[in-house]
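Following my numbering, the numbering of the sequence shown begins with 782 at its first residue and continues without gaps. Every residue gets a Cβ at the ideal spot worked out from N, C-alpha and C, and that includes glycine. As the structure is a prediction and not an experimental result, all values here were calculated from the model. Beneath this line is the structure, given in structure tokens, with notes to follow.
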Amino acid sequence: MSGFKKDFLWGSAIAANQVEGAWNVDGKGPSTADMFTSGSQKNPRIFTKSIENNKYYPSHDGVDFYHHYKEDIKMASELGLKAFRFSINWTRIFPTGIEDSPNELGLKFYDSVLDELNRFNIEPIVTISHFEMPYGLVDKLNGWSSRKTIDYFMNYCQIIFKRYQHKVKYWLTFNEINNSTTVSGPLISLGLTKDYRGTVFDYSCDIQTRLQALHHQLLASAKAVKLAHDKYPQFKMGNMVAFIPYYPYTSAPEDILAANNQMNILDWYVSDVQVRGLYPYFAKKYWSDNDVKIDILPGDEDILKQGTVDFYSLSYYMSMCAGLQKKVAKSAGNFIDGMKNPYLKSSEWGWQLDPDGLRYSLNQIYARYQIPIMVVENGLGAVDKLEANEKIHDDYRIDYLRSHIKAMRDSIDDGVDLIGYTNWSFIDLVSASTGEMSKRYGLIYIDKQDDGTGSFKRLRKDSYYWYKKIIDNNGSDLE
Ligand code: BGP
């Protein structure tokens, strides 16, 4: 058994809009993420066109990472983290997206975060855009539906690449870019919300509009990668896919084809472009079956070809089933659902728990692309109980992490080139899908509640101490 490499990047991940707060501080402009109210599994978040007085918007104060980053990064160093994935909030740098020059205070904030990480020898992994964009670009251009958005995004990339060139080596372009292949994904990923006010359940986007906008986002991703490769050869550029493996519900050949088709569109459509530099063979049929005409201009194909990534990154939370049966119960997911698998248990939020699915996914990805892989999100959202003595005994989270880390170790033994793991998450944060705090993911508890109350006090959970041990022994002993 070979196990994790010596320089394996043991880490943890967060996203700006889910932790920072300070949504209108030091020149920051409103982002799409700032327009989502709080919600729950049953009462969906509402996306509003402007800030409404009687509503609570959890990103506005997040868990106040903006003012706690020093304390948080110190705890990260005590945990032994080798890597720290975070995102830059585009609207701290360009408040409306269209300014000619960047906001210096925003740039300074990330300088300070990076300096702090550097002080403790923690490798940053930076997501350029994690589920947000300047609301100004929604107003002006309806987000990624416009090709012009690519230019504004490139202004942003030029600035941050230049500024942080000596501090950041690993970059991810767009978080979970494949969500936009689903009807609801564009709400959070593409800014296709110009005239929308309504719940996340009611939103849907037609396939023509979203695949065209996704084409623009893929071009932007490729251009960013090319810019990095041309000017900053020390950078390592990655994509980021919400990877969901689909199993056939039965061994009926129709079910096998259904699962294959589902994975083609959800998992491979986007990553084939980002890794191989062109749309996969099945895209044309998918477009024609759905009457989609992608406006691919001369030059677009070259851009996609020239902007292929150096490594593949994914989030992994669940697997699903697909098949032709109509009466099978549904299983919940972030932006997509599927058939419930009778062999799997689910989290309190209905996400199916399947560590073997991670091993299966990593093998599938590596077989297809043979480039290094990082798992940059994986974790359990659960209700935690804060004991009177301020302890949090989250054995369920430890079990979850143990089984998934074991699956990664097995996949390495299978021959997969896995270079890093950043669990979701280091600290409790606002849930992207429900806007709750009570769906807690952190190794560190934060006193912040669903209604916005709380002192922001940080407390280490049992899982913090367990993960520290695992990092110490490089995953050789998972007990
Ligand atoms: C991924 C997102 C994260 C994160 C995670 C958990 O889709 O990249 O931002 O939130 O899922 O999902 P949730 O917060 O909805 O429970």
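Compare the C-beta of residue i against all C-beta atoms of chain C and say whether one is closer than 8 Å.
i	result
Thr908	Any reference to chain C falls outside this structure, which holds one protein chain only.
What are the partner residues of residue i, as DSSP defines its beta bridges?
i	result
Val1051	Answer is none; Val1051 lacks a bridge partner.
Arg1241	Ile1225
Val1022	Leu1095
Ile1251	DSSP, once it has assigned bridges, lists no residue as partnering Ile1251.
Ile827	Thr980
Gly1119	Ser1112
Trp791	Tyr1202
Tyr1028	Cys1102
Lys1017	Tyr951
Phe785	Its beta-bridge partners do not exist; DSSP assigns none.
Ser812	Pro915
Gln1133	Ser1127
Closer than 7 Å: is that where the CB of residue i sits relative to any heavy atom of ligand 3?
i	result
Phe890	Of the ligands this structure carries, namely ligand 1, none is ligand 3.
So within the segment 892 to 970, which uninterrupted alpha helix (DSSP H) runs reach at least 4 residues, ignoring any that extend past its ends? Along the segment 892 to 970, the alpha helix (DSSP H) occurs as fully enclosed runs of 4 or more residues at 916 to 922, 929 to 945 and 966 to 970, listed in sequence order.
Specify which residues have a beta carbon nearer than 7 Å to any heavy atom of ligand 1, listing them in chain order. With 7 Å as the limit, the residues whose C-beta approaches any heavy atom of ligand 1 more closely are Ala796, Gln799, His911, Phe912, Asn956, Glu957, Ala1023, Ser1096, Tyr1098, Asn1115, Trp1130, Glu1158, Gly1162, Trp1205, Ser1212, Ala1213, Ser1214, Thr1215, Lys1220 and Tyr1222, in sequence along the chain.
Do the segment 933 to 948 and the segment 966 to 979 make contact, defined as three or more Cβ pairs closer than 8 Å? Judged by Cβ distances under 8 Å, the segment 933 to 948 makes no contact with the segment 966 to 979, as fewer than three pairs qualify.
At least 3 beta-carbon pairs within less than 8 Å: the segment 1016 to 1034 vs the segment 969 to 988: Remark: fewer than three beta-carbon pairs, one from each stretch, lie closer than 8 Å, so the segment 1016 to 1034 and the segment 969 to 988 are not flagged as touching.
Let me know the beta strand (DSSP E) ranges lying completely inside the segment 1142 to 1207, each 3 residues or longer, listed in chain order. Every beta strand (DSSP E) of 3 residues or more that sits fully in the segment 1142 to 1207 is shown, in chain order, as 1154 to 1158 and 1199 to 1204.
So, do the segment 1241 to 1248 and the segment 1223 to 1232 have three or more beta carbon pairs nearer to each other than 8 Å? Enough Cβ pairs lie closer than 8 Å, so yes.
Contiguous alpha helix (DSSP H) assignments of at least 4 residues, all confined to the segment 836 to 900: Secondary structure within the segment 836 to 900: the alpha helix (DSSP H) runs of 4 or more consecutive residues, fully enclosed, are 846 to 860, 871 to 874 and 885 to 900 (chain order).
Taking 8 Å as the cut-off, does the segment 899 to 910 touch the segment 835 to 849 (at least 3 CB pairs, one atom from each stretch)? Result no; under three Cβ-Cβ pairs closer than 8 Å.
Complete beta strand (DSSP E) runs within the segment 1030 to 1105 (minimum length 3 residues, chain order): Segments of the beta strand (DSSP E) lying fully in the segment 1030 to 1105: 1093 to 1096 and 1101 to 1103.
Would you call the segment 825 to 836 and the segment 855 to 874 touching, i.e. three or more CB-CB distances under 8 Å? Under the three-pair Cβ rule at 8 Å, the segment 825 to 836 does not count as touching the segment 855 to 874.
How do the segment 1111 to 1125 and the segment 1149 to 1161 stand: do at least 3 beta-carbon pairs fall below 8 Å, yes or no? Between the segment 1111 to 1125 and the segment 1149 to 1161 there are fewer than three inter-stretch CB-CB distances shorter than 8 Å, so the stretches are not counted as touching.
Sufficient close CB pairs (3 or more, under 8 Å) joining the segment 1119 to 1133 to the segment 1049 to 1068: The segment 1119 to 1133 is not in contact with the segment 1049 to 1068.
Contact the segment 893 to 906 vs the segment 924 to 931: 3+ CB pairs below 8 Å: Here the segment 893 to 906 does not lie against the segment 924 to 931, with fewer than 3 beta-carbon pairs under 8 Å apart.
Could you say if the segment 1176 to 1183 and the segment 1077 to 1097 meet the contact criterion of at least three C-beta pairs nearer than 8 Å? Using a C-beta cut-off of 8 Å, the segment 1176 to 1183 makes no contact with the segment 1077 to 1097, since fewer than three inter-stretch Cβ pairs fall below that distance.
Sufficient close CB pairs (3 or more, under 8 Å) joining the segment 1250 to 1258 to the segment 1228 to 1236: Contact between the segment 1250 to 1258 and the segment 1228 to 1236 is absent, with fewer than three C-beta pairs closer than 8 Å.
Quick check: the segment 807 to 818 against the segment 871 to 885, are there 3 or more CB pairs under 8 Å? Counting Cβ pairs under 8 Å, three or more are found: they touch.
State whether the segment 1032 to 1041 contacts the segment 1104 to 1114, with contact taken as three or more CB pairs (one from each stretch) at a distance under 8 Å. The segment 1032 to 1041 is in contact with the segment 1104 to 1114.
Can you find at least 3 beta carbon pairs, one from the segment 791 to 801 and one from the segment 946 to 954, that sit closer than 8 Å? With a cut-off of 8 Å on Cβ pairs, the segment 791 to 801 is not in contact with the segment 946 to 954, counting fewer than three such pairs.
So does the segment 985 to 992 actually touch the segment 1055 to 1075, counting three or more Cβ pairs closer than 8 Å? With a cut-off of 8 Å, the segment 1055 to 1075 and the segment 985 to 992 count as touching, because enough Cβ pairs lie within range.
Count the C-beta pairs between the segment 1135 to 1145 and the segment 1184 to 1195 that are closer than 8 Å, then say yes if the count reaches three, no if not. Segments in contact, yes.
Below 8 Å, can you find three or more Cβ-Cβ pairs linking the segment 1039 to 1050 to the segment 1080 to 1090? Using a Cβ-Cβ distance cut-off of 8 Å, the segment 1039 to 1050 and the segment 1080 to 1090 are not in contact, since fewer than three pairs of beta carbons, one from each stretch, lie closer than that value.
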